[in-house]
Amino acid sequence: MWFQVENITCPGCATDMEIVLRNMNGILDASVDFSTETIRVRYDARVLDRKQVFIAVRRLVYSLKILPESE
């Protein structure tokens, strides 16, 4: 799942977000790009559904939009 966010304030914040997401049950990988303000999350659909992933990421940021997978 790809997300567009508007409030990643520094590269360190992006790294912190990655660590938090990667430690969540069901999250296989997370990548936060400070320069493009995007987050990519790979998750185990047997453990989490799309809504649960959205909620997990939403807890870390204020403004969040799901992007199409092709972006």
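Mapped onto the working numbering, the consecutive letters of the sequence shown carry residue numbers 3 to 73.
Note that beta-carbon positions come from the ideal geometry of N, C-alpha and C, so glycine has one too.
Beyond the five residues adjoining it in sequence on each side, D46 comes within less than 7 Å, by CB distance, of G28, L30 in the same chain, given in chain order. A Cβ-Cβ contact shorter than 7 Å links M19 with V34.
Per DSSP, reduced to three states, the secondary structure at R24 is helical. If you check the CB distance, A16 and F36 come in under 7 Å. When DSSP states are grouped into helix, strand and coil, D35 belongs to the strand group.
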